[in-house]
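Peer 1: Each number in this note's numbering corresponds to the 1-based position in the sequence shown with 50 added. Beta carbons are placed, not taken as given, at the ideal position from N, Cα and C, and that holds for glycine. Sending over a structure as structure tokens; questions will come in a sec.
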Amino acid sequence: VTCLCFAGKDTLAIADSAGRTLLWKISDASGIGRTLPATAGVIGSLCRISSNVIAGLSLDGKLLFWDVTSGELLRFIDCPGPDAAAVLPKLNYWKAQNALVWPALDGNLASCLLDDLKTDEHPAHRHRFSAIMVDGDGLITIGPYDRTVLRWHDVDQNTTLCAVSPEGIIDA
């Protein structure tokens, strides 16, 4: 298993290293999941973006969107690839911006605005980073190489430097 997320009240979405993505009803005693169609390689991260839609980020730079009820692949788009060399990527749904965000290559923050499916990359940290979380209306990223904690107010690079860690605290 590479990743999982809740896809509904009693449903998990699960991806594995063989390139399969499954929906599994926890209440189903048979333990048999429903395979979702895919057009990309291994899904490294999954997240729920609405009551009936989940998104997956493939390690080869594709975003996939599935309907949880029907299992249908709604769409897929090319996107900035995740920095999978560091760790499995962490795809986040940033509700305040109606965007998906994830760590991309070279310390950039990648985004996909869900209103128009526009993808972009934004300079974030000096080198790769993997620590990312949605915090209320903002987003927090931590760069272990430049030792900075950034709070993002929007996807247009409006950030606030929250902290610079002492040497050895958040080192790569």
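Less than 8 angstroms between the C-beta atoms of Ala174 and Gly157, yes or no?
Peer 2: yes
Peer 1: Would you say the stretch 176-196 touches the stretch 136-153, given that touching needs at least three Cβ pairs under 8 angstroms?
Peer 2: yes
Peer 1: Taking the CB atoms as reference points, tell me whether Thr89 and Ile127 lie closer together than 8 angstroms.
Peer 2: no
Peer 1: Please go through the stretch 131-175 and give each complete beta strand (DSSP E) segment of 3 or more residues, from N-terminal end onward.
Peer 2: 142-144, 149-153, 158-163 and 168-173
Peer 1: Under the three-state reduction of DSSP, which class applies to Leu96: helix, strand or coil?
Peer 2: strand
Peer 1: Please report the residue range of the beta strand (DSSP E) in which Asp128 lies.
Peer 2: Unbroken beta strand (DSSP E) run through Asp128: Leu123 to Asp128.
Peer 1: Quick one: complete beta strand (DSSP E) runs, 3+ long, within the stretch 57-87?
Peer 2: Taken in chain order, the complete beta strand (DSSP E) segments of 3 or more residues contained in the stretch 57-87 are 61-65, 71-75 and 84-86.
Peer 1: How would you write the range of the beta strand (DSSP E) that Leu114 sits in, first residue to last?
Peer 2: Per DSSP, the continuous beta strand (DSSP E) segment holding Leu114 begins and ends at Lys112 to Asp117.
Peer 1: My output table needs one value for Gly259: the three-state DSSP class, helix, strand or coil.
Peer 2: Residue numbering for the chain in the displayed model covers 51 to 222; residue 259 lies beyond these limits and cannot be assessed.
Peer 1: Thinking just about the alpha-carbon of each residue, which of Leu86, Leu141 and Leu200 is nearest to the one in Arg98?
Peer 2: Ranking the options by Cα distance to Arg98, first place goes to Leu141.
Peer 1: Would you tell me roughly how many angstroms separate the C-alpha atoms of His249 and Arg178, rounded to the nearest one?
Peer 2: There is simply no residue 249 to check, as the chain begins at 51 and stops at 222 in what is shown.
Peer 1: Please classify Asp133 as buried or exposed, where buried requires at least 16 neighbouring CB atoms within 10 angstroms.
Peer 2: buried
Peer 1: Tell me, which residues are paired with Arg178 by DSSP?
Peer 2: Paired residue(s): none; Arg178 is not in a bridge.
Peer 1: If you reduce the DSSP assignment to three classes, tell me which class Val214 lands in.
Peer 2: strand
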